[in-house]
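Engineer:
Residue numbers (my numbering): 30 to 237.
#1: In this structure, how does DSSP classify residue 215 when only helix, strand and coil are distinguished?
#2: Quick one: what does DSSP say residue 54 is sitting in, helix, strand or coil?
#3: Once DSSP output is grouped into helix, strand and coil, what is the label at residue 138?
#4: Short of 6 Å in beta carbon distance, which residues of its chain neighbour residue 207, apart from the five on each side in sequence? Order them along the chain.
#5: Could you check how far apart the C-beta atoms of residue 227 and residue 193 are, in whole angstroms? I think they sit under 8 Å.
#6: With 16 as the cutoff for other CB atoms within 10 Å, does residue 164 come out buried or exposed?
#7: Tell me whether residue 225 is buried or exposed, calling it buried when 16 or more other Cβ atoms sit within 10 Å of its Cβ.
#8: Which residues mark the beginning and the end of the beta strand (DSSP E) in which residue 234 is found?
#9: Would you give the residue range spanned by the alpha helix (DSSP H) that residue 201 belongs to?
#10: If you draw a straight line from the C-alpha of residue 96 to the C-alpha of residue 156, how long is it?
#11: In the DSSP assignment, the beta strand (DSSP E) including residue 190 goes from what residue to what residue?
#12: Go to residue 164, then tell me how far its beta strand (DSSP E) extends in each direction, as first and last residue.
#13: Ordered along the chain, which non-local residues of its own chain (more than five positions away) have a Cβ less than 6 Å from that of residue 204?
#14: Use the C-beta contact count for residue 90: other C-beta atoms within 10 angstroms, 16 or more gives buried, fewer gives exposed.
#15: From the DSSP output, in three-state form, read off residue 221 for me.
#16: What are the boundary residues of the alpha helix (DSSP H) that includes residue 118?
#17: So is residue 141 buried or exposed if we call it buried at 16+ other beta carbons inside 10 Å?
#18: Is residue 201 closer than 7 Å to residue 222 when the C-beta atoms are compared?
#19: Are residue 212 and residue 187 touching if we call contact CB-CB under 7 Å?
#20: Find out if the Cβ-Cβ distance for the pair residue 199, residue 172 is shorter than 7 Å.
#21: Hey, could you find the ends of the alpha helix (DSSP H) residue 180 is sitting in?
Written out as structure tokens, the structure reads:
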């Protein structure tokens, strides 16, 4: 009733190649018997020599052209930039132009207070009068050399620390002092620093 199945097209008929090893016939109830030729090859061995194969050097990763955003612009002459300007010059103005006009929303949102004045001017301002580097009480003991610390360990001796020699003007009262009394010299002392130095048995001396 039904015609026999057609054979798929294949290469032209060629004479069978000679067998390279013993032949084994495998039979299956569903498939016709096939003939498998087992080649007679030497046993596989691992080589201890380093491989001479070199892997090719691939170029750095580049984006696939088909995934680029400008693919949808193909066929449209100016690619969305217009025939006259053609994406040239500065359509919004150069630099920060328009901060109070056509860029006002951006300036108010991300840079509030950019425009305007606050306070008063300080003519001929000199920063020298405001220069006052400070140091706290817990950092004073680190200014003393190790050999002076050993000599001051005995009773009745107090090392002298001149903070102006280390570039400091004022001594503040943060931190704790060691049990050793200290004689501290500085241009300025806070009230707390002076009280804590005297409570530890030391003295706070003002220098010019």
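Even glycine gets a Cβ: it sits at the ideal position worked out from N, Cα and C.
Structural biologist: Considering the structure as presented:
#1: Strand, per DSSP.
#2: For residue 54, the predicted model reports a pLDDT of 48, less than 50, meaning its position is unreliable; a value from the coordinates is still stated below. Collapsing the DSSP output to three states places residue 54 in a strand.
#3: In the three-state scheme derived from DSSP, where H, G and I count as helix and E and B as strand, residue 138 is classed as helix.
#4: Cβ within range, chain order: 170.
#5: Approximately 20 Å separates the beta-carbon atoms of residue 227 and residue 193; this is outside 8 Å, ruling out the contact.
#6: So residue 164 counts as buried.
#7: Per the 10 Å Cβ criterion, buried.
#8: Element bounds for residue 234: 232-235.
#9: Looking at the DSSP string, residue 201 is not in any alpha helix (DSSP H); the run it does join, the beta strand (DSSP E), is 199-201.
#10: The straight-line gap from Cα to Cα measures roughly 58 Å.
#11: Taken as a continuous stretch (DSSP letters only), the beta strand (DSSP E) holding residue 190 covers 189-191.
#12: Per DSSP, the continuous beta strand (DSSP E) segment holding residue 164 begins and ends at 163-165.
#13: Excluding positions up to five away in sequence, the list reads 165, 166 and 167.
#14: Label assigned to residue 90: exposed.
#15: Under the three-state reduction of DSSP, residue 221 is assigned to helix.
#16: Per DSSP, residue 118 belongs to no alpha helix (DSSP H) and is neither H nor E.
#17: The residue is exposed, with fewer than 16 neighbouring Cβ atoms inside 10 Å.
#18: Against a cut-off of 7 Å, the Cβ pair of residue 201 and residue 222 comes out as a contact.
#19: Cβ atoms of residue 212 and residue 187: closer than 7 Å.
#20: For the 7 Å CB-CB criterion, residue 199 and residue 172 do not form a contact.
#21: In this chain, the alpha helix (DSSP H) harbouring residue 180 covers 175-180.
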